[in-house]
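Numbering (the working numbering), first residue to last: 221 to 638.
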């Protein structure tokens with residue numbers, strides 16, 4: 221793919237070999253084994269055999285913009301590989317079993333910035349770029365922090381409509397930037413991925429329709445359901461507003477701003493690419509970045525290093541303290557989301573692990589993560605100085621038992637690395 225130039229091939233039919241054209245990609249299947257690529261419109265209902273190839277080649281299904289890397293690669297030094305052993309229902313399992321049981325296509329764990337574990341499956345390797353799904357929500361929120369550090373956004377307490385006046389007169393009147401980051405605007409939203417009538421599905425259809433500005437128009441038409449700052453409602457549409465905000469505040473696309481402030485400075489191995497709402501349009505602020513396993517880990521290490529690169533502060537000094545902690549007693553605390561049926565809490569587009577008596581084994585010390593459907597994780601544990609990246613092809617967007625097994629695996633790795 222040409223740097224900075226959006227590109228898209230016509231949607232592929234099922235079960236055909238990937239033909240390289242204007243958009244290049246990192247994986248070329250053997251001539252005798254064509255790679256299975258699904259159609260863009262089937263992204264949430266793909267047969268599992270089609271998931272790996274599709275997740276590798278999202279730039280052939282959607283318009284994208286490059287996130288250029290810098291001239292130098294920052295090496296990730298290796299340490300002795302950690303042998304991970306964990307238990308599920310009394311059964312002792314290792315890394316190979318974890319990957320097999322959970323359809324994991326890549327796992328990388330850093331300890332003190334050094335690679336302690338790196339494994340690939342399903343045709344992936346170190347050069348593979350894999351889609352983030354909602355992991356990019358946390359990257360988008362980090363760009364908001366970078367804009368605050370530069371003074372492009374004066375304060376997260378500012379009304380969102382100060383920067384996005386297109387939202388005036390709708391559900392976002394009286395909503396702060398911070399409340400948007402916390403998915404607490406009060407705007408009505410249905411996130412059901414596989415319901416063709418849901419707001420989330422409508423958003424996806426608008427992306428496929430190649431209609432510039434349609435997503436912002438969708439968000440401006442939402443109705444208010446709750447008082448801002450009182451209720452958590454997971455909304456991919458709300459997360460997309462981060463991209464709109466960054467562009468309005470900085471005058472740059474999210475891809476260009478990510479490259480300038482972070483990607484090109486951090487020594488990434490490959491350019492990333494980011495899905496757009498239309499040809500040459502707006503990055504989807506809530507989904508659709510593709511990068512290598514190591515480059516996701518480098519981003520996690522940047523967060524672990526408090527948003528500082530080579531001595532330069534990219535994020536405000538207090539940003540991550542606010543972004544990765546719920547206000548005590550608030551509706552965002554771990555265990556209070558979804559009527560108490562989910563253990564984690566929420567910050568600025570980061571999921572927060574519980575502490576104290578409710579803490580999950582080994583996940584203490586202010587652990588938090590970015591999470592995407594079908595089993596994508598970027599996990600960060602400041603106390604243990606651990607970053608973990610996991611790619612998966614779960615058969616369903618959300619699977620509680622596999623999520624908990626993933627935490628058990630990461631927890632066992634943390635324990636083994638002490």
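Glycine included, C-beta positions come from ideal geometry on N, C-alpha and C.
Rounded Cβ spacing between residue i and residue j (contact assumed at less than 8 Å)
i	j	result
residue 571	residue 588	6 Å
residue 458	residue 409	7 Å
residue 399	residue 448	5 Å
residue 636	residue 302	5 Å
residue 600	residue 523	6 Å
residue 519	residue 359	7 Å
residue 407	residue 441	The Cβ separation is near 10 Å, so there is no contact.
Close-in-space but distant-in-sequence residues of the same chain around residue i (CB under 8 Å, 5 per side omitted)
i	result
residue 628	306, 307, 308, 581
residue 268	323, 613, 615
residue 578	554, 555, 563
residue 373	364, 367, 383, 397, 465, 469
residue 381	387, 388, 392, 393, 395
residue 624	none
residue 378	396, 397
residue 541	none
Within 8 Å, strictly: CB atoms of residue i and residue j
i	j	result
residue 275	residue 350	yes
residue 569	residue 339	no
residue 603	residue 584	yes
residue 638	residue 296	no
residue 626	residue 512	no
residue 369	residue 533	yes
residue 546	residue 567	yes
residue 403	residue 354	no
residue 334	residue 298	yes
residue 352	residue 596	yes
residue 413	residue 420	yes
Given residue i as reference, the closest of the options once Cα atoms are compared
i	options	result
residue 475	343, 362, 312	362
residue 575	564, 568, 271	564
residue 405	411, 417, 392	392
residue 508	638, 279, 268	279
residue 253	554, 528, 273	273
residue 315	480, 341, 560	341
residue 367	527, 593, 431, 319	527
residue 634	480, 379, 328, 452	328
residue 425	496, 558, 519, 360	496
residue 371	441, 471, 609, 311	471
residue 452	558, 380, 462, 304	558
residue 479	413, 290, 586	290
residue 640	321, 271, 337	Coverage of the chain is limited to positions 221 through 638, which leaves residue 640 absent and any answer about it impossible.
residue 543	401, 450, 258	401
residue 632	336, 261, 266	336
residue 551	414, 413, 450	450
residue 617	417, 304, 266	266
residue 376	549, 473, 462, 311	462
residue 260	427, 482, 411	427
residue 500	516, 473, 487, 477	473
residue 622	548, 320, 300	320
residue 531	586, 548, 482, 549	482
Nonlocal neighbours in the same chain, by C-beta distance under 7 Å from residue i, ignoring five residues either side
i	result
residue 498	283, 430, 431, 432
residue 630	599, 608
residue 390	440, 441, 442
residue 258	234, 266, 270, 274
residue 415	421
residue 521	330, 333, 607
residue 312	305
Spatial neighbours of residue i in its chain, beta-carbon cut-off 6 Å, leaving aside the 5 residues before and after
i	result
residue 394	448
residue 590	355, 358, 598
residue 281	260
residue 245	With a pLDDT of 40 at residue 245, under the threshold of 50, the modelled position of that residue is not reliable, and no figure is offered here.
residue 318	629
residue 593	353, 617
- request: Report yes or no: do the region 537 to 547 and the region 461 to 470 share at least 3 C-beta pairs separated by less than 8 Å?
  value: no
query: Are the region 497 to 516 and the region 419 to 437 touching by the rule of at least three beta carbon pairs closer than 8 Å?
result: yes
- prompt: Below 8 Å, can you find three or more Cβ-Cβ pairs linking the region 472 to 491 to the region 285 to 295?
  reply: yes
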